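Heads up: the structure comes next, in structure tokens.
Protein chains in written order, with my numbering: chain D, 1 to 340; chain U, 341 to 680.
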């Protein structure tokens, strides 16, 4: 990153979530806990991508609306601080749609179809050719979100890197058309810890697979989930040697156990044989209860006054909109779409 | 039209032009003179589609900006009256981009690719697969323009009827999602007089073909253009029988000559033989000078105070924006995108 140099703009992060359900441990590991760190060093915008979420939720529009406040509660509960992070609701900043509209002229259909992330998502959702147009064009929308805030860093998984490249292509094409550098290129910020598997051992933790532990889970729900955690199917008796590969209990301990030495000793014992799953799970449960207990408590506290949460979103959105409106104004002027 | 019934909404017309060059006789016959009539009976919105025009003018953005005022001058010159017609600039109503964004979720890529108008335009422009995404998705943008003003009538040529059908599909899908009739279906209003050929006899009168007579043409330019008008290549001597088919001089007379009887006599004489092209062209020139003289004079008058023209556009746009904002608000609420 050249962000430390004198000439580079101050680093700005854009990140966010599609509010389609409660956030879970996977979000915590993959993004939320990083945001809590980032807000100390960077200007950070966290976007509730409700308009984007509609792309494949047109048949259940209430779901997106309901989850905006739920996801905001998750944000506040994990320690995203509205004083240091600007939390915004995408749909309430129409400039993002306006920029999308312009950027659609800067990318070809063929290029969108080649986008590996779009390809994979189309496959994953089983859309084939009957994809909503908004789905094919969502890289332009994402480019609008990133560039509106002149974000220089976008935290994404490895699989999302092509989306950032796509954004930067649009940035370069726009700046060429504008004949000056109005938009800013962004860099992917890929977190060190990758994706957390579901409690069933499936690669992706996902609400639709029912293999999540939500951030707002009760103590009893955490307890029940840990009991279901996939371990080693060959580890039938306590005396059997256990395997660590694909063992979700240990993968979760890797992600959350602060006592790395103690964890290593536990692993050695497990592999040697003579250590029951119940001991491992007990340790995991303790750690998860310790992690999620305070989060749940803060979440419940914030949830008592949803009016206050909406006020936080309103203020964050207004602040973010000022930035987006400024960028959009520059874009409009550069395109000659300014008259009065 | 059921617009006369008690329950149907009052008829609203949306029409407009892409401001990429001065308007010409083809526009006059195909649309402008109808608008002057429509404004007596309908609520009429005339849109300068500058944002839409960018789709294939990203490499020459100044052109669109420059032509907004030129086309507005053409409107005022032909008698479109800002007191009875709301003239608006598309890009200054960001709600149109916002609606486009939502509508992209209501139409599939496959459906857009099947749109005959889009197909034909893609072929015409030689885009192939390298079309800008904004070009493929422009039916969603057009649906936004039409529905934002709850237009019930859209004057279009035969070839544009599929675009109206596409809009109505989006309207029906949206209303189903919203579970109430928020958007209004539109009807194509196909004018009786079809397309005027170019002076060279080519089917389309078009700036890029250089076969137009502009509305602001000087007397000398009109005279020179009429001299070039394509007639009957077999009509070599005055005494030869002449042909009317494809004879642009007569096609123009059909469109503009108010003396239908005199015109019929002229045609008979021409077909019989013994009537020179020069006589026909003299008649045509007289009629065009009579038609365009006052238009040119009004155009020059308005052009003296472009500030006033911009004021007209500003007021029309503000008025139109109120309507579009109202519709967009209803759309946003129906999609659950309303929070504060």
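Beta carbons are placed, not taken as given, at the ideal position from N, Cα and C, and that holds for glycine. What you are looking at is a predicted structure, and each value in this text was computed from that prediction instead of being measured.
**Asked** Are the C-beta atoms of residue 121(D) and some chain U residue less than 8 Å apart?
**Response** no
**Boundaries of the alpha helix (DSSP H) in which residue 131(D) is found, first to last residue** = Careful: residue 131(D) lies outside any alpha helix (DSSP H) and carries neither H nor E.
**Prompt:** Unbroken alpha helix (DSSP H) runs of length 4 or more, entirely within the region 178-228 of chain D: which are they?
**Reply:** 219-228
**Prompt:** What's the call for residue 559(U), buried or exposed, on a 16-neighbour Cβ count within 10 Å?
**Reply:** exposed
**Message:** Against chain A, does residue 502(U) count as a neighbour if the rule is that its beta carbon must be under 8 Å from one of theirs?
**Reply:** The structure shown contains no chain A; its protein chains are D and U.
**Asked** Count the other CB atoms within 10 Å of the CB of residue 371(U); is the residue buried (16 or more) or exposed (fewer)?
**Response** buried
**Request:** Check whether the region 204-224 of chain D touches the region 19-35 of chain D, taking contact to mean three or more Cβ pairs, one atom from each stretch, closer than 8 Å.
**Result:** yes
**Prompt:** Taking Cβ positions, are residue 197(D) and residue 279(D) nearer each other than 8 Å?
**Reply:** no
**Message:** My parser needs the alpha helix (DSSP H) runs of 4 or more residues fully inside the region 69-155 of chain D; what are they?
**Reply:** 95-103, 109-114, 116-125, 133-136, 138-148
**Prompt:** Straight-line CA distance for residue 479(U) to residue 137(D)?
**Reply:** 14 Å
**Request:** Please list, in chain order, all residues of the same chain as residue 134(D) whose beta carbon is under 6 Å from its beta carbon, the five residues on each side excluded.
**Result:** 55
**Asked** Mapping DSSP to helix, strand and coil, what is residue 645(U)?
**Response** coil
**Asked** Skipping 5 residues on each side, what residues in its chain have a beta carbon closer than 8 Å to that of residue 228(D)?
**Response** 199, 200
**Request:** Would you mind telling me which residues of chain U sit closer than 9 Å to residue 65(D), beta carbon to beta carbon, in chain order?
**Result:** 675, 676, 677, 678, 679
**Prompt:** Listed from N- to C-terminal order along the chain, which residues in the region 37-58 of chain D have their beta-carbon within a distance smaller than 7 Å of any beta-carbon of chain U?
**Reply:** 50, 51, 54, 55, 58
**Cβ shell of residue 533(U) (< 8 Å), same chain only, five flanking positions each side left out** = 369, 370, 595
**Message:** Closer than 8 Å is the cut-off here; do at least three beta carbon pairs connect the region 91-102 of chain D with the region 378-388 of chain U?
**Reply:** no
**Proximity winner among 497(U), 519(U), 499(U), 490(U), relative to residue 508(U) (alpha-carbon distances)** = 490(U)
**Request:** Specify the secondary structure class of residue 60(D) as computed by DSSP and reduced to three states.
**Result:** coil
**Classification of residue 232(D) by the beta-carbon crowding that lies within 10 angstroms, buried from 16 upward** = buried
**residue 672(U) burial status per 10 Å Cβ neighbour count (16 or more: buried)** = buried
**Message:** Relative to the C-alpha of residue 101(D), which candidate in 517(U), 451(U), 393(U) has its C-alpha closest?
**Reply:** 393(U)
**Asked** Helix, strand or coil: which one does DSSP assign to residue 159(D)?
**Response** helix
**Asked** residue 515(U) CB to nearest chain D CB: under 8 Å?
**Response** no
**Asked** Name the chain D residues that come within less than 7 Å of residue 474(U), Cβ to Cβ?
**Response** 104, 105
**Message:** Taking DSSP's pairing of strands, which residues face residue 619(U) in a bridge?
**Reply:** According to DSSP, residue 619(U) bridges with nothing at all.
**Request:** Quick one: give me the first and last residue of the beta strand (DSSP E) that residue 354(U) is part of.
**Result:** 352-357
**Item:** 7 Å CB neighbourhood of residue 452(U) in its chain, flanking five on each side removed
**Value:** 458, 476, 477, 479
**Asked** Between the C-alpha atoms of residue 181(D) and residue 498(U), what's the straight-line distance to the nearest angstrom?
**Response** 44 Å
**Request:** List the endpoints of the continuous beta strand (DSSP E) containing residue 46(D).
**Result:** 43-48
**Prompt:** So which residues on chain D does residue 281(U) lean against when the C-beta distance must stay under 9 Å?
**Reply:** Missing from the structure shown is residue 281(U); chain U here goes from 341 to 680 and no further.
**Item:** Local Cβ density within 10 Å of residue 576(U), reported as buried at 16 or more and exposed below that
**Value:** exposed
**Asked** Closer than 8 Å, CB to CB, is residue 343(U) near chain D or not?
**Response** Caution applies to residue 343(U), whose pLDDT of 43 falls short of 50 and renders its modelled position unreliable; the model cannot decide the point.
**Prompt:** Between residue 635(U) and chain D, is there a C-beta pair that is closer than 8 Å?
**Reply:** no
**Asked** Among 273(D), 83(D), 97(D), which one has its Cα closest to the Cα of residue 49(D)?
**Response** 97(D)
**Message:** Using the Cβ count rule (16 or more neighbours within 10 Å means buried), how would you classify residue 579(U)?
**Reply:** exposed
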